[in-house]
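Trainee:
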Amino acid sequence: MMTASAQTQGAARNPNPDVVIVGAGFAGLYLLHQLRELGFSCRVYEAGADVGGTWYWNRYPGARCDIESAEYSYSFSPELEQQWDWTERYAAQPEILSYLRHVAERFDLRRDIRFDTRVTTATFETVTGHWRVETDGNESVHARWVVMATGCLSVTRLPDIPGRDRFTGAAYHSGNWPHEPVDFSGRRVAVIGTGSTAIQLIPEVARQAAEVLVFQRTANFCLPARNRPLFDDERRATKARYREIREAARRTPAGVAYFPVARHGVADLPADERERLLEAAWQRGGTGLGRTFTDTLTRRESNQVVADFVRRKIRERVGDPALAAKVVPLDHPIGTKRVCLDSGYFETLTQGHVALVDARDEPVVAITQTGVQTRGQHYPVDALVFATGFDAMTGALLAIDIRTDEGVSLRDRWSAGPVSYLGLAVAGFPNLFTVTGPGSPSVLSNMVVSIEQHVEWIAHCLAWMRARGFDRIEASEPAQTEWVSHVNAAADLTLLPEARSWYTGANVPGKPRVFMPYVGGVAAYREKCDAIAKEGYSGFLFR
Ligand code: FAD
Ligand code: NAP
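If you're matching positions, the sequence shown starts at 105 in the working numbering and goes up one per residue.
Here you go:
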């Protein structure tokens, strides 16, 4: 790893870069590489002490991707693809972090990254057309462009349960997990939450702990991951077909080549054929089951068929009818909250030292010095794990005071919910881009595919501007308004806005309820972005 002084020298060589990039996860790293290749000077600020983003922060036991490793990886470098060997179908956090560290080394990225540095404000200076970016280290830098690669799931959320700070045992949030190993052996552990994170974490915690209490407010649809080690011949086969796999992924709605392409709606098929397809998807494992039919998210009756199949499977797995009644999800259509992938979650719940507390019947009312107080009972524990999610999509952007020197602030602009042109730019904020911002497919897709698409689009746009002598780009209000209406109309054609999910901001009290990602799919979205670029960036104003 590069030393702090070497980093400082790198930065000193370049006091005012062309581009400031905020964040050094998948998005920030690729941006830095792409923009450098095009001859732009860059400075990256990263709040963490190393690269990795999500995979730097989420070190909880059991953390792994839910898109197959080979697809949850960069496609921009065929050499990197050939060099890197994924060991499991779904790579675990340490392996993904090693991969991103390897990328940083291989492309010599660290010299332009300032670690342990949080960007606090970004102000557009109207006369000079530059952004002034300030950090918590009292650094101030000017740059023509700023790209926010701050992540959709990078601001952790602790629930507003009274007494949280009173607890005298150890308390953790999954998204800010300690770097040193946490040993739960012999301890009584409470896990609050049953989203994707908790479902991965609970079986691992239960392997060690003397007692595990799972506080579930909403039961979620969980599908088996069927994770396993990869064999050499599988790796070779993938490496031989990488170009084909990447191309195929880009042409799908979710950016995943291995999901079977849905050809029929539920209503078009006889019951035995639906069952056959669902059973095949269940056996294959992974989230592809939700993509078995074309109309699962648009037709309530179709959704019901898929949901009932999964409910039946969960009942079979759980066995005990009383427990099944608690963990079978009934309150939202399948797919309207992010479907979870599990490895032994339901089986873990049936173990003698694991108990599920239904926080709907018995809400958590307080954290005490020694445990969790629900309406009916006090549960003494030694450790608390909050798997309570994130202020998603807008949290990291709004944590930075983004404004123009004429007094327009992003927080004001987004006070009723985020608006954006393509999820890439916001009217009123010139020369500012957001990677996988609200209004783009982002979290509804394989994020690496969406990140690469945004990074390449932004990089080409900057090169295009430079070639024409433009120094200012801004999304136009009419183009933004039209895009926002399209994003909302597309969501309203689906069941997605119905659920109380983080997709709509419902997990954060007081956050405006707006369905944030674009449901149109990565293939159609890419075509739209490419067409806009080809038309000379229609919908953008240049100077
Ligand atoms: P991030 O990885 O979130 O990186 C953003 C970085 O910006 C962070 O390191 C943060 O510290 C930094 N930052 C933010 N604000 C500031 C600031 N003001 N100043 C300085 N630095 C700042 N997606 C999938 O497609 N498939 C998966 O299987 C999958 N699994 C996931 C598992 C978990 C546990 C989580 C939480 C998310 C998962 N995701 C998954 C989504 C995941 O976030 C993306 O896939 C991807 O890693 C995002 O990369 P990014 O670079 O855009 O953002
Ligand atoms: P999440 O999906 O938002 O889940 C948070 C959980 O905490 C929910 O069960 C929520 O219940 C519960 N909760 C929040 N406040 C509570 C309270 N006061 N009392 C009781 N329960 C409370 O967060 P996450 O699990 O961290 O996942 C976030 C996203 O990250 C995922 O959707 C996914 O996109 C990504 N992720 C992916 C993977 C993967 O498999 N690769 C793993 C982890 C995360 P309610 O539902 O009732 O609000």
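Even glycine gets a Cβ: it sits at the ideal position worked out from N, Cα and C.
Please go through the same chain and pick out, in chain order, the residues whose beta-carbon is closer than 6 Å to the beta-carbon of Glu185, but skip the five residues on each side of it.
Mentor: These residues qualify, in order along the chain: Tyr346.
Trainee: Helix, strand or coil: how does DSSP classify Arg210 here?
Mentor: It is helical.
Trainee: Helix, strand or coil, according to DSSP, for Gln455 in the structure here?
Mentor: DSSP places Gln455 in coil when its eight states are reduced to three.
Trainee: If distances are taken between C-alpha atoms only, which option among Ile171, Asp240, Val251 and Pro198 comes closest to Val530?
Mentor: For the residues Ile171, Asp240, Val251 and Pro198, the minimum Cα distance to Val530 belongs to Val251.
Trainee: Does at least one heavy atom of the ligand NAP sit under 7 Å from the Cβ of Ala428?
Mentor: False, no ligand heavy atom lies under 7 Å from that Cβ.
Trainee: Using the C-alpha atoms, what's the distance from Leu334 back to Arg268?
Mentor: Straight-line Cα distance between these residues: approximately 42 Å.
Trainee: By alpha-carbon positions, which one of Leu528, Val123, Gly573 and Ser300 ends up nearest to Phe644?
Mentor: Ranking Leu528, Val123, Gly573 and Ser300 by Cα distance to Phe644 puts Leu528 first.
Trainee: Please identify the residue among Asn535, Phe319 and Val547 whose C-alpha is closest to the C-alpha of Cys565.
Mentor: Checked all of Asn535, Phe319 and Val547; the closest Cα to Cys565 is Asn535.
Trainee: So Ala463 and Gln304 are supposed to be a Cβ contact under 8 Å. How far apart are they, rounded?
Mentor: The pair is not a contact, with the Cβ atoms about 19 Å apart (cut-off 8 Å).
Trainee: Does any heavy atom of the ligand FAD sit closer than 7 Å to the C-beta of Ala253?
Mentor: Within the cutoff, so yes.
Trainee: Measure how close the beta-carbons of Leu55 and Leu393 come, nearest whole angstrom, since I'm counting them as under 8 Å.
Mentor: Given a span of 105 to 647 for the chain in the structure shown, any question on residue 55 remains unanswerable.
Trainee: Let me know the secondary structure DSSP gives Met252 once reduced to three states.
Mentor: Strand.
Trainee: Can you name, in chain order, every residue of its own chain whose Cβ lies under 6 Å from the Cβ of Phe130, other than the five neighbours on each side?
Mentor: Answer for Phe130: Val552 and Ile555, listed in chain order.
Trainee: Are the beta-carbon atoms belonging to Ile663 and Arg261 less than 8 Å from one another?
Mentor: Here the chain has residues from 105 to 647 only, and residue 663 is not among them.
Trainee: Quick one: is Pro121 buried, meaning 16 or more other Cβ sit within 10 Å of its Cβ, or exposed?
Mentor: Pro121 should be labelled buried.
Trainee: Let me check you understand the geometry: is the CB of Gly132 closer than 7 Å to at least one non-hydrogen atom of the ligand FAD?
Mentor: Correct: Gly132 has its Cβ closer than 7 Å to the ligand FAD.
Trainee: Taking the beta carbon of Gln557 as the centre, do at least 16 other beta carbons fall within 10 Å, making it buried, or is it exposed?
Mentor: Counting Cβ neighbours within 10 Å, Gln557 comes out buried, since at least 16 surround it.
Trainee: Can you name, in chain order, every residue of its own chain whose Cβ lies under 6 Å from the Cβ of Pro263, other than the five neighbours on each side?
Mentor: Around Pro263: Thr492.
Trainee: Can you tell me whether DSSP reads Asp264 as helix, strand or coil?
Mentor: In this structure, Asp264 counts as coil in the three-state DSSP scheme.
Trainee: Hey, which unbroken runs of the alpha helix (DSSP H) at 4 residues or more fall wholly within the segment 370-442?
Mentor: Complete alpha helix (DSSP H) runs here, min 4: 375-388, 404-422 and 425-431.
Trainee: Which residues in the same chain as Phe574 place their Cβ atom closer than 6 Å to its Cβ, once the five residues preceding and following it in sequence are excluded?
Mentor: Hits under 6 Å: Phe646.
Trainee: With a threshold of 7 Å, establish whether the CB of Asp170 neighbours any heavy atom of the ligand NAP.
Mentor: The answer is yes for Asp170.
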